[in-house]
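Novice:
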Amino acid sequence: MDAKPDKIRCDACPVMCYIADGKVGACDRYANQAGELVRVDPLTILRRTQDQGGKLVEFAGRNDDWDGDLLGSSFVTAIGAGTTYPDYKPAPFIVSQEVDGVDLVTVVTEAIYSYCGVKIKIDTDRHLGPEQNTVRVEGEAVGHVTTGEYGSQMLSLGGVNHLTGGSKKEGRVTCKTLMDLCNGEAVEMEIDEGSSVVVQAGKPPTVNGVAEERMRVGCGSATIGMFAKQWHGLVDEVVVVDDHITGVISEHQAGKVLGWEDTGIKIKGRRSTPGRYFQVAEPGTGWGGTDVDDPLTILGDFNPKVAKPGMTLLMVSTTGEQHAFYKLDEELKPVETDLPESLEVSVARIAENCEPALCSVLFMAGAGGSLRAGVTENPVRLTLSIKDTLTHVTCGGAPAYRWPGGGITIMTDVTRMPANSFGYVPTPAIVAPIEFTMRRQDYEKLGGHMKEIVDLADVVPRGKRSESPHAANPWPTVSTHFDWRDKGKPS
Amino acid sequence: MTGPLAALLADGKRLHLQHGPIDLIVEADGSAEIVGRAYAQAAARFETVLDELVGELPLLRSRATTEGLGLRGPVARRMEAAVAPHASRVFITPMAAVAGAVADEVLAAMTDGLDLDRAYVNNGGDIALHLSGDSRFEIGLVAVPDRPELSGRATIRADDCVRGIATSGRHGRSLSLGIADAVTVLARTAAEADTAATLIANAVNLPGHPAIRRVPASERAPDSDLGNRLVTEDVGSLADAEIAAALEAGEATTRAMIDRGVVIAAVLQLRGAIRQAGDLAIAAQPDTPIFAPTQRKQPEETLRA
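As given, the protein sequences belong to chains G and E, one line each in that order. Numbering follows my numbering, in which position 373 of the first sequence is assigned residue number 768; successive positions increment by one, without gaps. Numbering follows my numbering, in which position 262 of the second sequence is assigned residue number 264; successive positions increment by one, without gaps.
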């Protein structure tokens with residue numbers, strides 16, 4: 396492994412600063428991030444007023460270095476484009492580009508979002524905290540635990556009430572939390588009456604200091620359904636321990652259809668339907684999201700009229716991470732013994748079917764405000780143009796889901812955006828890139844700032860950072876994004 | 003490696019010159035033709051400024067002496083001239099005047115041979131001024147860059163000797179040995195103002211105070227001309243009497259500089275307390291400013307992410 400140098404030489408300008416890890420150069424624009432030179436400050440690329448001809452002062456030859464062969468494969472993102480605030484000035488960049496004969500315009504701006512937040516999906520069965528409870532960073536309320544989803548706990552952080560509705564410190568901490576999460580950094584948070592969780596987009600969560608590895612294969616009942624056949628004939632009873640729905644194979648429909656015999660097992664908790672039990676224990680960070688470390692605590696005594704000494708019992712969690720194998724002794728008490736080889740396969744298969752546990756972070760923001768004025772003189776037309784799929788919205792080139800209903804409220808997977816796409820202003824508010832792409836004629840119709848359009852070829856050489864797009868991102872200008880795709884080329 | 007850039011700002015009036023760490027906002031008042039020529043002259047001069055400085059950088063980062071370091075470049079010589087009057091008293095390197103000296107040099111090139119009513123070159127808060135006839139500048143003061151509210155204003159007329167304004171303090175990009183939020187100096191040149199603001203901001207200090215966290219400059223910036231000298235990292239809670247004591251120390255330094263003729267007037271700000279020294283009256287109640295000298299290098303059009 397190559398050792399990264401402690402300090403690096405920046406070659407962005409003639410000063411050639413020597414920059415230590417974690418520090419910035421004399422310009423505040425470039426930094427050393429773990430041995431890599433990164434741009435930390437938005438480009439202050441300024442709109443060129445070419446129509447003013449003589450007033451534009453240029454260094455002869457300086458802008459001619461670019462050889463032009465990127466045309467058609469470049470998309471100017473709004474990262475570092477700067478922004479105008481208040482927004483009545485034209486957006487920093489309005490770039491035109493011809494794609495497949497269609498003259499497209501991309502309006503590029505960094506938006507300042509006071510209305511924004513993140514939705515976090517944490518793949519874990521572990522109990523992170525009661526629904527509706529407050530999520531804190533540095534003691535400040537930054538959001539709450541929201542409704543649980545499949546195999547995951549959901550957090551909702553940020554939003555206007557935490558950013559601007561609380562104390563100054565609450566706003567500042569919320570803003571920093573959102574920025575760090577969106578920039579893919581790890582953030583430690585505490586949930587009231589719950590756990591400490593370290594969340595990092597695209598990485599496994601760490602709950603109370605323990606890194607989560609796998610997302611469960613399904614609830615306990617679903618696990619029974621999936622593996623009943625593979626257990627049949629190898630073991631007398633299987634209990635899949637799960638905080639939501641614990642499954643018992645001998646009572647479960649999946650066991651019944653295989654002719655599974657009763658075992659006289661007794662599960663504590665509330666029976667929902669045969670072989671499916673709710674609330675076998677308290678939620679926690681033990682087996683299957685319960686607080687149980689010894690699974691036998693969820694069992695009552697076996698029914699002596701049905702159970703027989705020597706009967707075998709497999710208890711397993713929904714991720715296969717925990718499992719134990721028992722034999723009933725003469726008093727019908729389960730005694731732990733080694734897992735037979737024949738069952739190892741099925742336990743391993745549960746684990747194999749569990750996807751890696753990840754934290755996913757979706758940035759959610761409302762771009763329906765005054766930002767639109769930087770795009771058009773008639774802001775509502777931009778909203779309508781997006782709804783009519785004449786205008787395609789991306790965030791740093793990444794696809795954005797637009798919520799139905801009013802405004803331009805979008806959600807984007809932050810891991811599909813280039814590194815360090817997010818910034819903040821002390822308002823506090825988050826600064827994030829947003830691009831609107833549409834045909835030139837559609838831009839004109841919505842009252843666009845037509846005079847501000849510059850050719851892509853004039854902008855690309857001014858860009859300071861070139862990024863490869865995320866492999867899964869559709870190219871922002873392909874015609875399939877647009878309503879006119881099947882209607883032929885524009886007249 | 004990126005070269006120098008020159009472009010008009012969105013208002014169509016001001017010129018933005020940028021190269022590496024240097025960001026200049028330039029404005030000249032006069033006929034369109036004269037302004038166009040002025041901007042062309044400014045841009046032409048700016049093109050080589052950074053390269054000239056880099057060529058002599060090791061010498062520019064070494065301790066200034068009263069007899070001079072033998073610097074050759076025009077900007078470097080402006081820097082040396084500005085720091086020389088302080089060299090026998092304190093540790094100082096020509097770099098203390100770099101921002102102001104660049105502003106002076108570009109202003110001089112821009113106004114050379116042209117009849118401009120008024121012009122300025124703002125190098126991130128270190129500002130060189132050109133005034134003629136009855137023209138004047140209204141100057142707004144800002145204490146903390148993140149809270150751009152005005153804490154004072156001043157009017158500068160052609161017959162005042164002030165042609166340079168600079169602000170220094172611990173919130174800017176430069177490192178400070180002191181704790182001042184902002185020290186704004188009015189002087190004959192931007193280079194002199196830059197130097198004095200740095201030294202006065204260093205003097206606003208409470209040596210050994212437990213609430214002040216200091217780190218070696220080399221930890222913050224390996225290339226710093228301050229070497230291992232301790233620079234202010236953070237300032238905790240200070241009592242009113244301590245704030246007054248720190249400001250008094252800075253004020254004493256200021257008055258000595260005024261007596262020696264290297265400063266015309268100065269305003270010192272710390273935790274909302276303001277002291278001023280010198281003849282030029284600086285009104286505490288703000289009005290609409292033409293621009294505010296902050297330490298931020300960003301042009302006003304772009305909000306910092």
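Virtual Cβ for every residue (Gly too), placed ideally from N, Cα, C.
Would you call the segment 578–586 of chain G in contact with the segment 523–530 of chain G, where contact means no fewer than 3 C-beta pairs closer than 8 Å?
Specialist: These segments touch.
Novice: Where Ala160 (chain E) and Ser170 (chain E) are concerned, what is the direct C-alpha to C-alpha distance, given to the nearest angstrom?
Specialist: Between Ala160 (chain E) and Ser170 (chain E), the C-alpha separation is close to 24 Å.
Novice: Mind checking which residues open and close the alpha helix (DSSP H) that includes Cys577 (chain G)?
Specialist: It spans Lys563 to Cys577 - the alpha helix (DSSP H) in which Cys577 (chain G) sits, taken as one unbroken run.
Novice: Residues of chain E with a CB under 9 Å from the CB of Lys418 (chain G): which are they?
Specialist: The answer, in chain order, is Glu221, Arg222, Ala223 and Pro224.
Novice: Quick one: what's got a C-beta closer than 8 Å to Glu632 (chain G)'s C-beta in the same chain, skipping five residues either side?
Specialist: Result list for Glu632 (chain G): Val643, Ile644, Ser645, Thr658, Ile660, Met706, Thr707, Leu708 and Leu709, in chain order.
Novice: What's the gap between the Cα of Val123 (chain E) and the Cα of Gly166 (chain E)?
Specialist: Taking the straight line from one Cα to the other gives about 10 Å.
Novice: Would you check if there are 3 or more beta carbon pairs closer than 8 Å linking the segment 765–778 of chain G to the segment 621–631 of chain G?
Specialist: Touching, no.
Novice: Since Phe817 (chain G) and Asn578 (chain G) should fall inside the 8 Å C-beta cutoff, what is the C-beta to C-beta distance between them, to a whole number of angstroms?
Specialist: The pair is a contact, with the Cβ atoms about 5 Å apart (cut-off 8 Å).
Novice: For Leu727 (chain G), which option in G:Val630, G:Asn868, G:Pro704 and G:Gly430 has the closest C-alpha, if you only look at C-alpha atoms?
Specialist: Out of G:Val630, G:Asn868, G:Pro704 and G:Gly430, G:Pro704 has the C-alpha closest to the C-alpha of Leu727 (chain G).
Novice: Determine the closest residue to Glu580 (chain G) out of G:Ser590, G:Gly695, G:Gln595 and G:Val513, with distance taken between C-alpha atoms.
Specialist: The shortest Cα separation from Glu580 (chain G) among G:Ser590, G:Gly695, G:Gln595 and G:Val513 belongs to G:Gln595.
Novice: Mark Trp655 (chain G) as exposed unless 16 or more other C-beta atoms lie within 10 angstroms of its C-beta, in which case mark it buried.
Specialist: Burial call: buried.
Novice: Relative to the alpha-carbon of Ala275 (chain E), which residue among E:Gly75, E:Ser64 and E:Ala241 has its alpha-carbon at the smallest distance?
Specialist: When only C-alpha atoms are compared, the closest one is E:Ala241.
Novice: Quick one: Cα of Ser562 (chain G) to Cα of Ala536 (chain G), how far?
Specialist: Cα to Cα, Ser562 (chain G) sits roughly 10 Å from Ala536 (chain G).
Novice: So if I threshold CB-CB distances at 7 Å, which residues from the segment 50–68 of chain E count as touching chain G?
Specialist: Result list: Leu52, Asp53 and Val56.
Novice: Where do the ends of the beta strand (DSSP E) carrying His627 (chain G) lie?
Specialist: Neither: His627 (chain G) is in no beta strand (DSSP E) and is coded neither H nor E.
Novice: By alpha-carbon positions, which one of G:Glu739, G:Glu736, G:Leu723 and G:Glu716 ends up nearest to Pro751 (chain G)?
Specialist: When each option's Cα is compared against that of Pro751 (chain G), the closest is G:Glu716.
Novice: State yes or no: is the C-beta of Gln43 (chain E) within less than 8 Å of the C-beta of Asp114 (chain E)?
Specialist: Yes, the Cβ-Cβ distance between Gln43 (chain E) and Asp114 (chain E) is below 8 Å.
Novice: Provide the residue(s) that pair with Lys598 (chain G) in DSSP beta bridges, ordered along the chain.
Specialist: Lys598 (chain G) pairs with nothing; no bridge assigned.
Novice: Between Tyr545 (chain G) and chain E, is the shortest Cβ-Cβ distance under 8 Å, so that the two count as touching?
Specialist: It does not: the Cβ of Tyr545 (chain G) has no partner Cβ on chain E nearer than 8 Å.
Novice: Please report the straight-line C-alpha distance between Leu691 (chain G) and Ser737 (chain G), rounded to a whole angstrom.
Specialist: Roughly 22 Å separates the two Cα atoms.
Novice: To the nearest angstrom, report how far apart Ala762 (chain G) and Gly22 (chain E) are at their CA atoms.
Specialist: So the alpha carbons of these two residues sit roughly 33 Å apart.
Novice: Alpha carbons only, please: which of G:Thr542, G:Arg835 and G:Ala743 is nearest the one belonging to Lys358 (chain G)?
Specialist: Residue coverage of chain G in this structure runs from 396 to 886, which leaves residue 358 (chain G) outside it and unanswerable.
Novice: Have a look at Ala30 (chain E) and Leu62 (chain E) and give me their C-alpha separation to the nearest angstrom.
Specialist: Distance between the alpha carbons of Ala30 (chain E) and Leu62 (chain E): 30 Å.
Novice: Could you tell me which of E:Ala9, E:Gly238 and E:Thr68 sits nearest to Ala182 (chain E), measuring between CA atoms?
Specialist: Out of E:Ala9, E:Gly238 and E:Thr68, E:Gly238 has the C-alpha closest to the C-alpha of Ala182 (chain E).
Novice: Taking Cβ-Cβ distances shorter than 9 Å, what residues in chain G pair up with Pro23 (chain E)?
Specialist: In chain order: Cys408, Val410, Cys412, Gly420, Ala421, Cys422, Asp423 and Arg424.
Novice: Answer yes or no: the CB of Gly430 (chain G) versus the heavy atoms of the ligand SAM, is any distance below 7 Å?
Specialist: Among the components modelled here there is no ligand, and therefore nothing to report on the ligand SAM.
Novice: Does the separation of the CB atoms of Val419 (chain G) and Tyr425 (chain G) fall below 8 Å?
Specialist: Yes. Within cutoff.
Novice: With DSSP as the reference, please indicate the residues paired to Ala42 (chain E) in a beta bridge.
Specialist: The partner list for Ala42 (chain E) (beta bridge, DSSP) is empty, contrary to what the question assumes.
Novice: Assign Val410 (chain G) to one of three DSSP states: helix, strand, or coil.
Specialist: Residue state, collapsed to three classes: coil.
Novice: Closest to Val51 (chain E) by CA distance: which of E:Val185, E:Val100, E:Lys15 and E:Pro87 is it?
Specialist: Of E:Val185, E:Val100, E:Lys15 and E:Pro87, the residue nearest in Cα terms is E:Val100.
Novice: For the beta strand (DSSP E) holding Ala309 (chain E), just list the boundary residues, first then last.
Specialist: Residue numbering for chain E in the displayed model covers 3 to 307; residue 309 (chain E) lies beyond these limits and cannot be assessed.
Novice: Would you mind reading off the limits of the alpha helix (DSSP H) that contains Lys651 (chain G)?
Specialist: Its alpha helix (DSSP H) spans residues Gln648 to Lys651.
Novice: Could you check if Ser667 (chain G) is buried or exposed, using at least 16 other CB atoms within 10 Å of its CB as the buried criterion?
Specialist: With fewer than 16 Cβ atoms within 10 Å of its Cβ, Ser667 (chain G) is classed as exposed.
Novice: Can you find at least 3 beta carbon pairs, one from the segment 85–99 of chain E and one from the segment 198–207 of chain E, that sit closer than 8 Å?
Specialist: With the cut-off at 8 Å, the segment 85–99 of chain E and the segment 198–207 of chain E touch.
Novice: Over the uninterrupted beta strand (DSSP E) stretch that includes Met759 (chain G), give me the two end residues.
Specialist: It spans Cys754 to Gly761 - the beta strand (DSSP E) in which Met759 (chain G) sits, taken as one unbroken run.
Novice: Taking only three categories from DSSP, how would you classify Ile803 (chain G)?
Specialist: If DSSP states are grouped into helix, strand and coil, Ile803 (chain G) belongs with coil.
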